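Student: Numbering (my numbering), first residue to last: 544 to 771.
One structure, as structure tokens, below. Some questions next.
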């Protein structure tokens, strides 16, 4: 790694870490806006998205310049392309956080709708996944990255439970259709954020080892296929 490339890389790397902290805060604030019916918090999340978008574009541009000017190979190339992918995942997580915040106003307009507390639990699971995925990137730790991948199923299960709870509520009182749909969407957005955390973890494993593990944890067990 040349000195010029190292300097450019370090600048983009630290910008990415700063972005990750801002995005984590957006997730927490978006869930707060929904669970506590806090429109001020919702507005803060939505207002922050423009700056996140600008930062994402700037980091991507810096990475593309490094690819063109320094033409890195092997491990350096994997680190740079992983940074670009994580940068994109963080921007998408920010967008999903905005979507959750937008649901807060819809729930607020519906009065005393009982928001499932499990959504808050889901948010804790999801934020932990995002944090650990990013820590695995910082620490070059494929084992921690793999643990994040395995935890994605827990969030999927929580999402199913939220849907079941909301469906049961609607069967008792159909007047809650509108706010229930907002909560359905918020739960789904959290599940999608977990998917992005999983994507980051998969990219970390590739960066460290060169192994592509994307989709493998969802692949069927070939030993159970017919004909064996």
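Glycine is no exception: its CB is placed at the ideal position from the N, C-alpha and C atoms.
Computed from a prediction, not measured in an experiment: that's the story for all the values here.
What are the boundary residues of the alpha helix (DSSP H) that residue 680 is part of?
Tutor: Start and end: 661 to 682.
Student: Figure out for me which residue from 703, 701, 702 and 673 has the closest Cα to the Cα of residue 690.
Tutor: When only C-alpha atoms are compared, the closest one is 673.
Student: Taking C-beta to C-beta, are residue 492 and residue 633 nearer than 8 angstroms?
Tutor: With the chain running from 544 to 771 in the structure shown, residue 492 is simply not present.
Student: Which of the three DSSP states is assigned to residue 616 in this structure?
Tutor: Coil.
Student: When you compare the CB positions of residue 629 and residue 712, do they come within less than 8 angstroms of one another, or not?
Tutor: Not in contact: residue 629 and residue 712 (Cβ atoms no closer than 8 angstroms).
Student: Could you spell out the range, first to last residue, of the alpha helix (DSSP H) harbouring residue 729?
Tutor: 720 to 752 is the span of the alpha helix (DSSP H), which, as asked, contains residue 729.
Student: Is it buried or exposed, residue 546, if we count other Cβ atoms within 10 angstroms and call 16 or more buried?
Tutor: With fewer than 16 Cβ atoms within 10 Å of its Cβ, residue 546 is classed as exposed.
Student: By Cβ distance, which residues of its chain are closer than 7 angstroms to residue 732, with the 5 residues on each side in sequence left out?
Tutor: Result list for residue 732: 639, 642 and 643, in chain order.
Student: Check whether the Cβ atoms of residue 636 and residue 589 sit closer than 8 angstroms, and answer yes or no.
Tutor: Taking 8 angstroms as the Cβ cut-off, residue 636 and residue 589 do not qualify as a contacting pair.
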